[in-house]
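Participant: Quick one: this structure, given as structure tokens, is what I'll be asking you about.
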Amino acid sequence: MDKVKFSFILNGKIVAAEPDLYSTLLDVLRDYFGLTGVKRGCEIGECGACTVLLNGKAVCSCIIFAPFVKNC
């Protein structure tokens, strides 16, 4: 599968990841950065278990493709 490298600010620090192109933000936060407080729930953006702040707005990380946060 194709991979994409990108960086973003995570908890005030610039970090980089190179997940598969269609990995979700949830996958990256849990698998690359060990942030297991972000829970996997319904995986369709309805239950809120995976909610994170993205540019000050609450979003469901299970439905955001990880490359979308590039340079955020």
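Letter by letter, the sequence shown follows residues 8 to 79 in this note's numbering.
Glycine residues also receive a C-beta, built at the ideal position from the N, C-alpha and C atoms.
From Lys20 to Cys79, what does the alpha carbon distance come to, in whole angstroms?
Facilitator: If you number the sequence shown from 1, residue 20 lands on position 13. If you number the sequence shown from 1, residue 79 lands on position 72. Cα-Cα distance, rounded: 11 Å.
Participant: Quick check on Phe15: buried or exposed, where buried means 16 or more other Cβ atoms within 10 Å of its Cβ?
Facilitator: Taking the sequence shown and counting its residues from 1, one reaches residue 15 at position 8. Buried is the label assigned to Phe15, since at least 16 other Cβ atoms lie within 10 Å of its Cβ.
Participant: Note down the Cα distance separating Val59 from Val11, rounded to an integer number of angstroms.
Facilitator: The count along the sequence shown starts at 1 and reaches residue 59 at position 52. The count along the sequence shown starts at 1 and reaches residue 11 at position 4. Roughly 22 Å between the two C-alpha positions.
Participant: Verify whether the separation of the beta carbon atoms of Ala65 and Phe40 is less than 9 Å.
Facilitator: For the purposes of this step, residue 65 is taken as the residue at position 58 of the sequence shown. For the purposes of this step, residue 40 is taken as the residue at position 33 of the sequence shown. For Ala65 and Phe40, no; Cβs fall outside 9 Å.
Participant: Run the CB neighbour count on Thr31, radius 10 Å, all protein chains shown included, and call it buried at 16 or more, exposed below.
Facilitator: Locating residue 31 in the sequence shown gives position 24, counting from the first residue. So Thr31 counts as buried.
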